[in-house]
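Engineer: Numbering (the working numbering), first residue to last: 213 to 277.
C-beta: ideal position from N, C-alpha, C; glycine also.
#1: Please list, in chain order, all residues of the same chain as residue 230 whose beta carbon is under 8 Å from its beta carbon, the five residues on each side excluded.
#2: Is the stretch 214–221 close to the stretch 232–251, with three or more CB pairs under 8 Å?
#3: If you check the beta carbons only, do residue 268 and residue 247 fall under 8 Å apart?
#4: Helix, strand or coil, according to DSSP, for residue 229 in the structure here?
#5: Which residues mark the beginning and the end of the alpha helix (DSSP H) in which residue 254 is found?
#6: Out of curiosity, what's the CA-to-CA distance linking residue 249 and residue 220?
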């Protein structure tokens, strides 16, 4: 394989990797909180922003352990 083909393969792989990273990146915190609030609201559970923040903090702590 020539050096030029190797360079093209590397650049192509970098582009595909960057695209995949953008597609699979986690959402922003405020978007996650809004989704949680929406899901709870659909279930008939009304929560304040402070309660949602506390829930997210608790879930984050449990996931990190």
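Structural biologist: To lay it out plainly:
#1: A distance below 8 Å between beta-carbons, with the five flanking residues on each side excluded, links residue 230 to no residue of its chain.
#2: no
#3: no
#4: helix
#5: For residue 254, the enclosing alpha helix (DSSP H) starts and ends at 241–254.
#6: 46 Å
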